[in-house]
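Residue numbers (the numbering used here), protein chains in the order written: chain U, 3 to 289; chain F, 3 to 289; chain B, 3 to 289; chain L, 3 to 289. The C-beta atom is built at its ideal place from N, Cα and C for all residues, glycine as well.
There are 4 protein chains.
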Amino acid sequence: MEKKETAILLMHCPDKQGILAAVTDFINVNKGNIVYLDQHVDYVQNTFFMRVEWDLENFIIPREKIEDYFSTLYAQKYDMSYNLYFSHIKPRMAIFVSKMSHCLFDILSRYMDGGLHVEIPLIISNHPDLEWIGQKFGIPFYIFPITKENKMEQEAKEMELLRNENIDFIVLARYMQIISEDMIKSYPNKIINIHHSFLPAFIGAKPYHAAYERGVKIIGATSHYVTTELDAGPIIEQDVVRVTHKDTVQSFIHKGQDLEKIVLSRAVEKHIDRKVLSYKNKTVVFS
Amino acid sequence: MEKKETAILLMHCPDKQGILAAVTDFINVNKGNIVYLDQHVDYVQNTFFMRVEWDLENFIIPREKIEDYFSTLYAQKYDMSYNLYFSHIKPRMAIFVSKMSHCLFDILSRYMDGGLHVEIPLIISNHPDLEWIGQKFGIPFYIFPITKENKMEQEAKEMELLRNENIDFIVLARYMQIISEDMIKSYPNKIINIHHSFLPAFIGAKPYHAAYERGVKIIGATSHYVTTELDAGPIIEQDVVRVTHKDTVQSFIHKGQDLEKIVLSRAVEKHIDRKVLSYKNKTVVFS
Amino acid sequence: MEKKETAILLMHCPDKQGILAAVTDFINVNKGNIVYLDQHVDYVQNTFFMRVEWDLENFIIPREKIEDYFSTLYAQKYDMSYNLYFSHIKPRMAIFVSKMSHCLFDILSRYMDGGLHVEIPLIISNHPDLEWIGQKFGIPFYIFPITKENKMEQEAKEMELLRNENIDFIVLARYMQIISEDMIKSYPNKIINIHHSFLPAFIGAKPYHAAYERGVKIIGATSHYVTTELDAGPIIEQDVVRVTHKDTVQSFIHKGQDLEKIVLSRAVEKHIDRKVLSYKNKTVVFS
Amino acid sequence: MEKKETAILLMHCPDKQGILAAVTDFINVNKGNIVYLDQHVDYVQNTFFMRVEWDLENFIIPREKIEDYFSTLYAQKYDMSYNLYFSHIKPRMAIFVSKMSHCLFDILSRYMDGGLHVEIPLIISNHPDLEWIGQKFGIPFYIFPITKENKMEQEAKEMELLRNENIDFIVLARYMQIISEDMIKSYPNKIINIHHSFLPAFIGAKPYHAAYERGVKIIGATSHYVTTELDAGPIIEQDVVRVTHKDTVQSFIHKGQDLEKIVLSRAVEKHIDRKVLSYKNKTVVFS
Chain U
3 MEKKETAILL
13 MHCPDKQGIL
23 AAVTDFINVN
33 KGNIVYLDQH
43 VDYVQNTFFM
53 RVEWDLENFI
63 IPREKIEDYF
73 STLYAQKYDM
83 SYNLYFSHIK
93 PRMAIFVSKM
103 SHCLFDILSR
113 YMDGGLHVEI
123 PLIISNHPDL
133 EWIGQKFGIP
143 FYIFPITKEN
153 KMEQEAKEME
163 LLRNENIDFI
173 VLARYMQIIS
183 EDMIKSYPNK
193 IINIHHSFLP
203 AFIGAKPYHA
213 AYERGVKIIG
223 ATSHYVTTEL
233 DAGPIIEQDV
243 VRVTHKDTVQ
253 SFIHKGQDLE
263 KIVLSRAVEK
273 HIDRKVLSYK
283 NKTVVFS
Chain F
3 MEKKETAILL
13 MHCPDKQGIL
23 AAVTDFINVN
33 KGNIVYLDQH
43 VDYVQNTFFM
53 RVEWDLENFI
63 IPREKIEDYF
73 STLYAQKYDM
83 SYNLYFSHIK
93 PRMAIFVSKM
103 SHCLFDILSR
113 YMDGGLHVEI
123 PLIISNHPDL
133 EWIGQKFGIP
143 FYIFPITKEN
153 KMEQEAKEME
163 LLRNENIDFI
173 VLARYMQIIS
183 EDMIKSYPNK
193 IINIHHSFLP
203 AFIGAKPYHA
213 AYERGVKIIG
223 ATSHYVTTEL
233 DAGPIIEQDV
243 VRVTHKDTVQ
253 SFIHKGQDLE
263 KIVLSRAVEK
273 HIDRKVLSYK
283 NKTVVFS
Chain B
3 MEKKETAILL
13 MHCPDKQGIL
23 AAVTDFINVN
33 KGNIVYLDQH
43 VDYVQNTFFM
53 RVEWDLENFI
63 IPREKIEDYF
73 STLYAQKYDM
83 SYNLYFSHIK
93 PRMAIFVSKM
103 SHCLFDILSR
113 YMDGGLHVEI
123 PLIISNHPDL
133 EWIGQKFGIP
143 FYIFPITKEN
153 KMEQEAKEME
163 LLRNENIDFI
173 VLARYMQIIS
183 EDMIKSYPNK
193 IINIHHSFLP
203 AFIGAKPYHA
213 AYERGVKIIG
223 ATSHYVTTEL
233 DAGPIIEQDV
243 VRVTHKDTVQ
253 SFIHKGQDLE
263 KIVLSRAVEK
273 HIDRKVLSYK
283 NKTVVFS
Chain L
3 MEKKETAILL
13 MHCPDKQGIL
23 AAVTDFINVN
33 KGNIVYLDQH
43 VDYVQNTFFM
53 RVEWDLENFI
63 IPREKIEDYF
73 STLYAQKYDM
83 SYNLYFSHIK
93 PRMAIFVSKM
103 SHCLFDILSR
113 YMDGGLHVEI
123 PLIISNHPDL
133 EWIGQKFGIP
143 FYIFPITKEN
153 KMEQEAKEME
163 LLRNENIDFI
173 VLARYMQIIS
183 EDMIKSYPNK
193 IINIHHSFLP
203 AFIGAKPYHA
213 AYERGVKIIG
223 ATSHYVTTEL
233 DAGPIIEQDV
243 VRVTHKDTVQ
253 SFIHKGQDLE
263 KIVLSRAVEK
273 HIDRKVLSYK
283 NKTVVFS
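This is how it looks when you write it as structure tokens:
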């Protein structure tokens, strides 16, 4: 599927009459062909959200000046928070892993297949267990063993590496370490985690064991942006699967792994496609 | 569907070789025709669970002596906990409601339809709002308004009424009161509640509001036996439905009501059909 | 939830630049406050769909002239197909039933609860079995026994009754008769049926038996608008539930009834709320 | 998870009293420790199904004589169809692919992870597109381009290869060719296919296009054993996902691929774990 180059605007602002008309008019008048538009009004917060994508082929305003014009003419007027993306610029994504391979494999299989519009310059791990996968797929694999003592130091090195590689966002593909505040604040709403429970149930360690103890009849997985409060960031995607009294902790883990990888990959795809908008610890996920 | 009279044995005991063979042999030798058998072994707890149902038509042992024989010959030997039921004896069920009608309607529509093998001699409420439904369906409706001051006293009256009516178990069909310890202990694993969240997430009051605040992408409902710890009893059934950023607290409530009524009715049906076995704050729910 | 009076516009037309801007501008300029807006572009059919709802309180154009103005100024220009509704006018709905009560009960329990913004002046049946429900709920219940011989004649009487009662749309709540072409053509996209399978699987009679024979692992239910081709009209809503080898035809039917009633009621609610738009044998269902 | 060596008996026979007791007695008396037992009675077909697995550590009968003893003592007496497996013998599985990689990747990632108790000596394809994956994972990849003219001939070569490699069963991981009768009959209930629809809806080619045309609100995937009738063999597993009017054929395909790979892998796991029993074009799938 070859795609024409497009611009994508992801925005929110206080809801007022005429915003949608103003923005679409800006695109239409300048000969942009809208190929996607979805909007949402949160009447509780009185906030307007929109994702609009238009073909740049005949667009009159040169790419490098679009943001300037838009900002001056509309964003300030309507008090917008917005991001402007161009489809020909692939975001750069780092993957963090520990010992389990299922989420990493799922992401890489989509990537190798051409299904993810992203660059993956590197994988980071605190263990060497999955290095062979990086080698198999030809992706540089960096090992930063982490202990209580060296955590700050190792994370500093990781962040330097991320900066050097111009990483835009991070995916924690069952990375079994808590990220420290510094790193989280450097990547606000740009670190995607997969938690192996139906949040907010079973926050923290060993959620399948806890779910088994509680005797639930359904287990889940949740992908969310990482914030400084553990497992409490904006939820991007969740899914669940039924269990019964015949299941064990082991079968919870087994069934759960399929959930985890699909839920994480769906969230990563939505993020890459610029379809997730975070706002007040929630997300708007456009279709 | 006319059904022959059957006996139903619901049991659990420490797992040992030969239990299943012993019990089925007991039934076979005495000319009972097994029409249902399901068993489960919890290898963690080393516990054997079974539900077996057999046709009494040609069964040699008279109905009133079955329990005696079974207890002497097998239950003591294998250290079983068990219950023996007869299909021709309908359990007697009380429904507690407050102001919302959807769960009550769902149960009563199944009851009127002949779909529930149960007697419903009475409905109890702390509000008069749903009295008209009791009247419509010809079921006595008792109102016990509850305040902080009179709670003990009113519950005592309720329990007297339940005793007089030989109530076997209680269904809390969105009854918005916390049941006191006394009543709970009088009906162990015999009070079925519906909680309008995916437990253990959002315990307590206003779970839909809490779910909306948290920004979840899936909401749920949970039916469970009531224990003295709030919303922490053995879970019988759960189900979920997807929500998006377009949903509001109101639409959570609206979507959730369909979940609540179906999840509660399924749990009630399983209980009535003697297919739920509680053990260590979990349930085995036979198919 | 008291709601202000609103106007609802449901429309589609060939997609062109500026339609959304034009329509929202029409509302804004005339001091209508938009409380709901959702749109969809089908890029395959090049068709634009929209549902917009606005508060009439300060709207300058008198209610009775809105359609005239809108038609002249916009609908003709953009070649729109549209419907304009006012929230204070409740649609009038007829329910057709045969012998099974679960769908009827589910609709009526929502209706009695105030959950359906609709009038139900009558129930029609080909059997007397459910007359008692009509009586219980105080809704006139008309019996038109149907045989091969009298079908045309009876349907003619039914249609006269529907006309006399100003019925806007019909719900077939497990009505076990095929509606003849005449009646279908009189109510285009205004007869909602529930089929007890996951369409297009198991069209026609006895779908649960067919599903059991086929050994499926999931069963479903489908609500759709009735067209002259059997079970082939635009699908409004579907849902499914898992089954296993332990299930029987009887348990398929039992599990399926919960699906049927919820799927039908959801479709009916969407229709009543003017959120369903039919187009080329498909539906756009706004959230 | 190191596991002790076990024997697995998968059987069915006409239902009679005492079968379960007889089989478990056979195991117990000979000092086998049962680690799994599940049974099912189909009261319509009057057929008894069982899967029982026992620890061989202290089992008195030597492994190579178990089948002989069992057959003589029980199988003939009860007219059983049965298979006896030993956990230390891994089945040998061939994967057939065409051009799409998602199912292949999913199976191989589980395999590399140690999650599948199987040998995969080879991959067969009619196209070279996925050869690189075989190379990456070190699995021999054989290409048999198929045309109308050479189909018989090529399949004959494939079957020779399968025989030489002692292949036990075949997985069609989106293999876009119809298997001819000869090969199907050589592997009865031993060829697992994934069909990208919710069977029996949309049999044959391009099911996503057909589903899109029909306007369904849910799409599905089905794994089944291949029989000589197209897409009509015994269903092992199905799953579904919601779609809306916003989806396109492309997004159906995209969402569907996640279903396909998970549904196929679940079926393959169940087959490998000897938990699937085929009977009269249906399956019993033990938990």
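Residue i - DSSP class collapsed to helix/strand/coil
i	result
B/M95	strand
L/D1	No statement about residue 1 of chain L is possible, as the shown extent of chain L runs from 3 to 289 and does not include it.
F/H273	helix
F/V31	helix
F/S83	strand
B/Q259	helix
B/I122	strand
B/L58	coil
L/K67	helix
L/H42	strand
U/S267	helix
B/L132	coil
L/S289	coil
L/M3	At L/M3 the pLDDT is 46, less than 50, meaning the model places this residue with poor confidence and gives no usable figure here.
L/H2	Because chain L is modelled from 3 through 289, residue 2 of chain L falls outside the range shown and cannot be assessed.
F/K284	strand
U/S73	helix
Contacts that residue i makes with chain U (C-beta to C-beta distance below 8 Å)
i	result
L/I264	D260, I264
F/H256	Going along chain U, no residue has its Cβ under 8 Å from F/H256, so there is no contact; the nearest lies around 16 Å.
Contact list for residue i against chain L, beta-carbon separation under 7 Å
i	result
F/L22	L22, T26
B/E239	K219
Neighbouring residues, chain L, relative to residue i (Cβ below 9 Å)
i	result
B/N283	E215, R216, G217
U/F107	F107, D108, L110, S111, R112, M114, D115
Residue i: contacting residues in chain F (beta-carbon distance under 7 Å)
i	result
B/K1	With chain B covering only 3 through 289, there is no way to say anything about residue 1 of chain B.
U/V286	H247
9 Å Cβ cut-off: residues of chain U touching residue i
i	result
L/H104	S111, R112, D115, G117
B/Q78	Ordered by position in chain U, no residue passes the 9 Å Cβ test against B/Q78, which lies about 21 Å from the chain.
Interface residues of chain B facing residue i [CB-CB closer than 9 Å]
i	result
L/V54	Simply none; closest approach about 17 Å.
Chain B contact residues for residue i, given Cβ-Cβ distances below 7 Å
i	result
U/Q19	N30
Continuous alpha helix (DSSP H) assignments of at least 4 residues falling wholly in the stretch 198-255 of chain B: Listed in chain order, they are 209-216.
Cβ pair count under 8 Å reaching 3, the stretch 210-222 of chain F against the stretch 242-260 of chain F: The stretch 242-260 of chain F and the stretch 210-222 of chain F touch, with three or more beta-carbon pairs separated by less than 8 Å.
Start-end ranges of the alpha helix (DSSP H) lying completely within the stretch 141-199 of chain U, minimum 4 residues: 153-166, 183-188, all fully within the stretch 141-199 of chain U.
Against chain F: residues of the stretch 194-213 of chain U by CB proximity under 7 Å: Those residues of the stretch 194-213 of chain U that come within reach of chain F (Cβ to Cβ, closer than 7 Å) are F200, P202, A203.
The stretch 257-276 of chain F / the stretch 3-23 of chain B touching (three or more Cβ pairs under 8 Å): At 8 Å Cβ cutoff, the stretches do not touch.
Stretch-stretch touch, CB-based, cutoff 8 Å, three pairs: the stretch 186-202 of chain F with the stretch 264-279 of chain F: Judged by pairs of C-beta atoms under 8 Å, the stretch 186-202 of chain F touches the stretch 264-279 of chain F, as three or more such pairs exist.
Positions along the stretch 120-138 of chain F whose CB lies within less than 7 Å of some CB in chain B: Against chain B - using a Cβ distance shorter than 7 Å - the residues of the stretch 120-138 of chain F are K138.
Three or more C-beta pairs below 8 Å linking the stretch 89-101 of chain L and the stretch 160-180 of chain L: Using a Cβ-Cβ distance cut-off of 8 Å, the stretch 89-101 of chain L and the stretch 160-180 of chain L are in contact, since at least three pairs of beta carbons, one from each stretch, lie closer than that value.
Contacting positions in the stretch 134-163 of chain L - beta carbon closer than 9 Å to chain F: Taking 9 Å as the cut-off between beta carbons, none of the residues of the stretch 134-163 of chain L comes near chain F.
Inter-stretch contact at 8 Å, needing at least 3 Cβ pairs: the stretch 144-163 of chain U / the stretch 119-126 of chain U: At 8 Å Cβ cutoff, the stretches touch.
Three or more C-beta pairs below 8 Å linking the stretch 99-108 of chain F and the stretch 102-121 of chain B: The stretch 99-108 of chain F makes contact with the stretch 102-121 of chain B, as at least three CB pairs between them are under 8 Å.
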